[in-house]
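Terminal number for the sequence shown in the working numbering: 129, no gaps in between.
We treat Cβ as the ideally placed atom computed from N, Cα and C, and that holds for glycine.
Before any comments, here is the structure.
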Amino acid sequence: MAELPRRAVLIAAAVGPLAACSASPDKLIKPATLPAAGQALISTADVPVNSGKVVGDTLITQPRPGVFDAFVARCPHAGCVLTGVSGDTIDCPCHGSRFALDGAVVRGPAMQPLAPVKVTVKGGLIVVS
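The following block contains the structure:
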């Protein structure tokens, strides 16, 4: 059996992880467009308890009854689009990072929590503060 030259092994070791981390183009989009202050995003009735919804580039969760959190719907690891909540976690479709409904990292490769978007509830609507 022929031996591989050291250089070929080093190049494969460097390029292999890059190929493994490539995501399909539909999961990667331009940078998120954040909503303007005062913009109503969704009715509180449309965000289930212990779950969440994506509205544009914002992910809104209701981890406990009457408590609403919002985040930029992009994974901090590589910017992949987060499409929603699965069970009780927010799962990145590109590399498998998982986040709690409060945005905290549950499983990497992401090391940073989701970027928060400040919201308040006004008249039954979730509004950007």
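6 Å CB neighbourhood of residue i in its chain, flanking five on each side removed
{"i": "A40", "result": "L125, V127"}
{"i": "R107", "result": "R98"}
{"i": "K118", "result": "S129"}
{"i": "T61", "result": "G52, D69, L101"}
{"i": "V55", "result": "L41, I42"}
Local conformation of residue i per DSSP, three classes
{"i": "G16", "result": "The predicted position of G16 is uncertain, since its pLDDT is 46 and thus under 50; a value taken from the coordinates is nonetheless stated next. Three-state result, G16: helix."}
{"i": "D91", "result": "strand"}
{"i": "A100", "result": "coil"}
{"i": "T120", "result": "strand"}
{"i": "I126", "result": "strand"}
{"i": "A40", "result": "strand"}
{"i": "V81", "result": "strand"}
{"i": "K27", "result": "Any reading at K27 must be qualified, since the residue scores a pLDDT of 49, below 50, and its modelled position is unreliable; the value itself is stated next. Note: K27 maps to coil in three-state DSSP."}
Identity of the residue in the options nearest residue i by Cα
{"i": "P76", "options": "A32, A110, L34, P35", "result": "A110"}
{"i": "A36", "options": "S51, C92, V72", "result": "V72"}
{"i": "T58", "options": "T44, S43, A32", "result": "A32"}
{"i": "R74", "options": "C94, P48, S86", "result": "C94"}
{"i": "G184", "options": "T44, P48, L34, G38", "result": "Since the first residue of the chain shown is 1 and the last is 129, residue 184 is not available in this structure."}
{"i": "V81", "options": "V121, A45, T44, A115", "result": "A115"}
{"i": "R64", "options": "G38, T44, G79, L34", "result": "T44"}
First and last residue of the uninterrupted beta strand (DSSP E) at residue i
{"i": "Q112", "result": "That residue, Q112, is in no beta strand (DSSP E); it is neither H nor E in DSSP."}
{"i": "V67", "result": "67-72"}
{"i": "P63", "result": "58-64"}
{"i": "V54", "result": "51-55"}
Contact with chain C by residue i, beta-carbon distance below 9 Å
{"i": "G123", "result": "Protein chains in the displayed structure number just one, and chain C is not present."}
Residues near residue i by beta carbon distance below 8 Å, same chain, minus five either side
{"i": "V105", "result": "S97, R98, F99, M111, Q112, P113"}
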